[in-house]
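Engineer: So the sequences go chain by chain: A and B.
Just so you know, we're using this note's numbering here: the first sequence kicks off at 377 and counts up by one.
Just so you know, we're using this note's numbering here: the second sequence kicks off at 4 and counts up by one.
Where a beta carbon is used, it is the ideal one built from N, C-alpha and C, also for glycine.
Pasting a structure below so you can have a look.
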Amino acid sequence: DSGVTQTPKHLITATGQRVTLRCSPRSGDLSVYWYQQSLDQGLQFLIQYYNGEERAKGNILERFSAQQFPDLHSELNLSSLELGDSALYFCASSIQPGQGTDTQYFGPGTRLTVL
Amino acid sequence: TQLLEQSPQFLSIQEGENLTVYCNSSSVFSSLQWYRQEPGEGPVLLVTVVTGGEVKKLKRLTFQFGDARKDSSLHITAAQPGDTGLYLCAGGTSGSRLTFGEGTQLTVNP
């Protein structure tokens, strides 16, 4: 158990809909990262938050947005869903960028299926 | 853009054999992580190496960080079916996001 929690574990929805994925980082970690992993593809970095502020952006679509709240949990919002958005979405956390070793600890993921 | 190349991409071996997975880049990293991922689950951290030339052992797994901190290897001795999974390397550069390799899918047959 990495200490990172994600809910829900599975999500099935229809095209055009909007969903919210939730992540709670490890106790003491200030930074949260979101990744997308499609079938037979590697981990694609989406976005990073540090202590409530956006820190880095990767290949995140405009239909997707995220935020980190004062209690440090984070939410990833996916809207106008398309079939191609079906994937595993992972959250990871680390202590603090630039401190230590950049090691990230991953949650168990949310499997999103868009029908 | 930093890239990490892993090889081989796929590896299927018999129980008891040894294997090595490589992770190479033209970029220097401040740290290198190795993860193992099983289908439908999140990557699980195996090790972090931070010093050029560093060698870490975790039971039958040996991890090495290259002297120039551009490459790393994972060696498994006497592989077992429980070692089956996707092995991912990821390079860190002090404060920025990790750069992930594409992974090595290892299958150990009984």
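To which residues of the same chain is residue 419 of chain A closer than 6 Å at the C-beta, ignoring the five residues directly before and after it?
Structural biologist: Taking the first residue of the first sequence as position 1, residue 419 of chain A is located at position 43. So the list reads 411 and 413, once near-sequence residues are dropped.
Engineer: In chain B, what lies closer than 7 Å to residue 483 of chain A by C-beta?
Structural biologist: Residue numbering aside, residue 483 of chain A sits at position 107 when the first sequence is read from its first letter. What residue 483 of chain A touches in chain B: 45.
Engineer: Examine chain A for any beta-carbon lying closer than 8 Å to the beta-carbon of residue 66 of chain B, and answer yes or no.
Structural biologist: Counted from its first residue, the second sequence places residue 66 of chain B at position 63. So no, residue 66 of chain B is outside the interface.
Engineer: Is any beta-carbon of chain A found at less than 8 Å from that of residue 103 of chain B?
Structural biologist: Taking the first residue of the second sequence as 1, we reach residue 103 of chain B at position 100. It does: the Cβ of residue 103 of chain B has a partner Cβ on chain A nearer than 8 Å.
Engineer: Among the candidates B:93, B:47, B:100 and B:62, whose CA atom is the shortest distance from the CA of residue 82 of chain B?
Structural biologist: Residue mapping note: residue 82 of chain B aligns to position 79 of the second sequence, counting from 1. Ranking B:93, B:47, B:100 and B:62 by Cα distance to residue 82 of chain B puts B:62 first.
Engineer: Measure the alpha-carbon distance for residue 54 of chain B versus residue 92 of chain B and round it to whole angstroms.
Structural biologist: Mapped onto the second sequence, residue 54 of chain B falls at position 51. Mapped onto the second sequence, residue 92 of chain B falls at position 89. Looking at the two C-alpha atoms, the distance is approximately 16 Å.
Engineer: Which of helix, strand or coil does DSSP assign to residue 405 of chain A?
Structural biologist: The residue you call residue 405 of chain A lines up with position 29 of the first sequence. Note: residue 405 of chain A maps to coil in three-state DSSP.
Engineer: At 3 residues or longer, and completely inside the region 405-434 of chain A: list those beta strand (DSSP E) runs for me, N to C.
Structural biologist: 407-413, 420-426 and 429-433
Engineer: Using the beta-carbon count (16 or more within 10 Å), is residue 42 of chain B buried or exposed?
Structural biologist: Indexing the second sequence from 1 puts residue 42 of chain B at position 39. Burial call: exposed.
Engineer: Counting only runs of 3+ residues fully inside the region 432-486 of chain A, write out the beta strand (DSSP E) ranges in chain order.
Structural biologist: 440-444, 450-454 and 463-470
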